[in-house]
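Residue numbers (our numbering): 2 to 1009. Read the structure below first, then the notes.
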């Protein structure tokens, strides 16, 4: 047993450290092992007599009727009319009721009403709420945390403690003192109509661990946690809201399973317990006698045997499970006599007060007993600060309840819960994207929902949707359409939480899954209660290659599940309940972390999101300054996409906003993303030696002045080559394309398209290379950035591999990596409106260039060249750079050897004041010389920039990838504002500043 020092201020808040709770892991759990807990809990420090000067003075000021009313907590809604609110105010004024329990409404309305009613109360009131999954259980415009069954799937309790802490702070913010949570019923009855998803699961150890974490989080925030529904509502097949459920278990089963979590929470400092309306013959033999009214259960068992000294609260007294058996007034008297402290939701306040007062007057209940109960309630009021009550401010309420931290925690909880329970052939995460045709089918949700949108970040799957009540003919047509696919991902969405509605699983839904899984490798993503699998046949379960349980539906659940399927994040959850006969409790297959990039918030890697807002400001300022009409920016840190945004429009006319999926002309990023990568691969395969002369592989230049140039020199721009040649100049006649060289239409003589309605003669390709070879080289070896060498390198690559460069890089890199947008000749793959225009070429092509490469030489070569021609979006370019950053290994495949990457990304000719690597640019090595990278970029970093306003950079020391894409050349290529404003570099520096700020915080902030 561990000792845990408890600091107990008047607020009864225990200082909590989760690491000090010693618990049994599920793997080691067994019925004959005790749950190990802290030796001391805060309840042990509660006084035996609840008396302070404030408590005594308040008690003495109350009339008999006011004293008994202190034990009543009345129902309040905030979505009613003025007549209703006036009646609530009357009850507060007239009876001085002890507390309010809020139901449906909104947070601002509730806080205003709370402040108003507290101002009218003679004695400050305890305010309570059912916020099992956060305030959203009752209030609109608040964050909905996962249901407890979802939380039960999480392996660690840390995030659940954090959730409890945050829910506690949120409750406090709206003037609440008691949260009727956690539910610690052990749900071992799949047909339970009322607990079910509200339980952490069927394992008593898991329920206890999760309950302790949730409880201590709330109580560390100064909120009274309330464990429910004592002595255990988990094995019922009826709902106590509508009837009185009967629990037929013997005492030993009740004690070892259902009461077990209550003992553990009590021993760990639980402050209140809610007693359920149950008939339990083993504990009280009276027929149809609710446990709420049983002295044997409430007093003998809970308070005497189990030693509970905290608040004992009835479940709602307006529920049929008790109100059908005892009339108002008498009901409250019996509940008080049973040992309860707070009588929750009396149906008739007047009848309750009258009956309770009469019971005191006639001696049925002693005044001493009443004094103990009332003073206990007052003591807890003092413990939460009601002796010094101050109204909570309404200002900034929405912001405080919907903080970024709350959203981040919510995502973490959801991501930690996703559970993979079947995975034939280790199909998840999906590998070898280029070898599989993949479709995604949503049952019950519109096409291109959050689930399918996230899938598209990894693979260009074909998307389908079908209704849950689809006809047999519709199912037949869909199944026929899906035959052409290797893998089908089926998502069952828009379900419900209730067993009596089959969790939303229709017969037609099952038929759809049955027919698809019979013919395709099928991955089932079930956004529903795991119990819903019981409706599937053994055959269907057997046919499914993979089953993933997301427990609930919603954007975060859908995004997380899609990432698990493609390896962006690992599957970590375990079933908190068994699904007989298919899956036992704790079934959960773990998958690797970091298989592919993950999409998450900056906080995932320790960066404050707000620190990255500067990127937005710089990008938007560039648009306002007309440096470019729009841009895309992607940032990957530690394998996590922490920033992926688009700004502005395709053109200054602002007709079409830039979307993340739109394609930019990458310009000279082609040099690293195509040519250099290809050479690296060929070096690995022993097909090219960069120390060899280019003419060894490219015979066309043998016998020319270009003979003997090392490939290494070309890659490092050290080959004495001129920067570029305006090949198009001599093809113009009267400032227009020469009609002998160009035609408007495709033909055998004019097969190569240069731009819209412009085709170049088939022989001009050779002319371009002849012009290069006839151009004298520079007189001495020095660094001169040149396109010419990369034009020739592309020819060399094609000769070595025996296919065109565009096909080679697509087959070798872009396809396997799942980079849908990356590639040459975008119009062969995308509609024109997805491709962002570059310049208005008034000199050569006499048109706005859109869908064709901006670079004239690359255009004259048909759009495929070694120096330019690639198109793509920021995130795909970032993934390619991430593969290089991971030393050539991505998604389980080694694309480039680590030693090759190391060689290509180091400075090659430092003695010549040449900062370049092989293909890759590097930070400056010459003092006072402008660097292509920001000041904080390390010497090990590398990347490239492009003429159209593009930039891609990797810093392995920070595990950082940054990509910026724009069309700064629109409509005029002479626009240099992007450089004058240093936009690309300033954004790069802003990223480092955010990283460094987080490092500073890590060093200066001491965790609790």
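Ideal placement from N, C-alpha and C gives every residue a C-beta, glycine not left out. Values in this document were obtained by computation on a predicted structure and should not be read as measured data.
Run the CB neighbour count on residue i, radius 10 Å, all protein chains shown included, and call it buried at 16 or more, exposed below.
i           : result
residue 874 : buried
residue 503 : buried
residue 577 : buried
residue 84  : exposed
residue 32  : With a pLDDT of 32 at residue 32, under the threshold of 50, the modelled position of this residue cannot be trusted; read the value that follows with caution. It counts as exposed.
residue 626 : exposed
residue 243 : exposed
residue 385 : buried
residue 28  : Confidence at residue 28 is low in this model, with a pLDDT of 35, below 50, so the placement of that residue is unreliable and no value is reported for it.
residue 599 : buried
residue 96  : buried
residue 50  : exposed
residue 747 : exposed
residue 87  : exposed
residue 833 : exposed
Short of 7 Å in beta carbon distance, which residues of its chain neighbour residue i, apart from the five on each side in sequence? Order them along the chain.
i            : result
residue 438  : 485, 486 and 487
residue 56   : 376, 379, 380 and 383
residue 1015 : The shown model of the chain, from 2 to 1009, leaves out residue 1015, and the question about it has no answer.
Note down, in chain order, each residue of its chain lying with its Cβ closer than 6 Å to the Cβ of residue i, except the 5 sequence neighbours on either side.
i           : result
residue 30  : Only weak support is given to the placement of residue 30: the predicted model assigns it a pLDDT of 34, under 50, and the question is left unresolved by the model.
residue 778 : 706 and 721
Locate the beta strand (DSSP E) running through residue i, then write down its first and last residues.
i           : result
residue 416 : Run containing residue 416: none in the beta strand (DSSP E); it sits in the alpha helix (DSSP H), 405-418.
residue 492 : 488-493
residue 384 : Run containing residue 384: none in the beta strand (DSSP E); it sits in the alpha helix (DSSP H), 368-384.
residue 821 : From DSSP, residue 821 is part of no beta strand (DSSP E); its letter is neither H nor E.
residue 231 : 225-231
residue 481 : Premise fails: residue 481 lies in the alpha helix (DSSP H), 473-482, not in any beta strand (DSSP E).
Beta-carbon within less than 8 Å of residue i's beta-carbon, same chain only, minus the 5 sequence neighbours each way: which residues are those?
i           : result
residue 650 : 630, 631, 656, 657, 658 and 659
residue 718 : 784, 785, 786, 787, 790, 915 and 917
residue 285 : 292, 295, 297 and 298
residue 305 : none
So the alpha helix (DSSP H) residue i belongs to, where does it begin and stop?
i           : result
residue 679 : 678-685
residue 773 : 765-775
residue 120 : 108-121
residue 178 : Run containing residue 178: none; DSSP gives neither H nor E here.
residue 439 : Where residue 439 is concerned, there is no enclosing alpha helix (DSSP H), although the beta strand (DSSP E) it sits in stretches over 439-444.
residue 725 : Taken as a continuous stretch (DSSP letters only), residue 725 belongs to no alpha helix (DSSP H), as it is neither H nor E.
residue 624 : 614-625
Can you give the beta carbon distance from residue i to residue j, rounded, assuming they're within the 8 Å contact cut?
i            : j           : result
residue 300  : residue 315 : That belief does not hold up - the Cβ atoms of residue 300 and residue 315 are roughly 13 Å apart, past 8 Å.
residue 274  : residue 313 : 6 Å
residue 73   : residue 350 : 6 Å
residue 271  : residue 228 : 6 Å
residue 108  : residue 410 : With a Cβ gap of about 18 Å, residue 108 and residue 410 do not count as contacting.
residue 354  : residue 69  : 6 Å
residue 186  : residue 230 : 6 Å
residue 458  : residue 876 : 7 Å
residue 991  : residue 846 : That pair is no contact at about 37 Å.
residue 334  : residue 357 : 6 Å
residue 481  : residue 465 : At roughly 12 Å, the Cβ-Cβ gap does not stay under 8 Å, so residue 481 and residue 465 are not in contact.
residue 867  : residue 792 : 6 Å
residue 1072 : residue 969 : The requested residue 1072 is not part of the displayed model; the chain covers only 2 to 1009.
For residue i, would you say it is in contact with chain B, using Cβ-to-Cβ distances shorter than 9 Å as the test?
i           : result
residue 416 : Checking the listed chains, one finds no chain B in this structure; it contains a single protein chain.
message: Counting beta carbon pairs with one atom in the region 419-434 and one in the region 547-567, are three or more of them shorter than 8 Å?
response: The region 547-567 is in contact with the region 419-434.
- prompt: Between the region 572-591 and the region 604-617, do three or more beta carbon pairs fall short of 8 Å?
  reply: No, because fewer than three Cβ pairs between the region 572-591 and the region 604-617 fall closer than 8 Å, the two stretches do not touch.
- request: Mind the definition here: the region 861-871 touches the region 673-681 only if three or more C-beta pairs lie below 8 Å; say whether that holds.
  value: Enough Cβ pairs lie closer than 8 Å, so yes.
- request: Count the C-beta pairs between the region 131-140 and the region 165-175 that are closer than 8 Å, then say yes if the count reaches three, no if not.
  value: Counting Cβ pairs under 8 Å, three or more are found: they touch.
- prompt: Any chance the region 858-867 sits against the region 934-948, with 3 or more Cβ pairs inside 8 Å?
  reply: For the pair of segments examined, the region 858-867 was found not to touch the region 934-948: the number of CB pairs separated by less than 8 Å stays below three.
query: Between the region 208-217 and the region 246-255, do three or more beta carbon pairs fall short of 8 Å?
result: Verdict: no, contact absent.
- prompt: Three or more C-beta pairs closer than 8 Å, one from the region 821-834 and one from the region 726-743: is that the case here?
  reply: No, they do not touch.
query: Does the region 960-967 touch the region 880-891, meaning 3 or more C-beta pairs lie closer than 8 Å?
result: Remark: three or more beta-carbon pairs, one from each stretch, lie closer than 8 Å, so the region 880-891 and the region 960-967 are flagged as touching.
- request: Decide if the region 509-523 is in contact with the region 170-185; the criterion is three or more beta carbon pairs, one per stretch, under 8 Å apart.
  value: Pairwise C-beta distances place the region 509-523 out of contact with the region 170-185, as fewer than three of them are shorter than 8 Å.
- request: Count the CB pairs spanning the region 399-419 and the region 443-461 that are closer than 8 Å, and state whether there are at least three.
  value: Under the 8 Å Cβ criterion, the region 399-419 does not count as touching the region 443-461, having fewer than three qualifying pairs.
task: Pair every Cβ in the region 98-112 with every Cβ in the region 524-537, then say whether three or more of these pairs are closer than 8 Å.
output: With a cut-off of 8 Å, the region 524-537 and the region 98-112 do not count as touching, because too few Cβ pairs lie within range.
message: Using 8 Å as the cut-off, can you tell me whether the region 794-809 makes contact with the region 698-705, which would need three or more C-beta pairs spanning the two stretches below that distance?
response: At 8 Å Cβ cutoff, the stretches touch.
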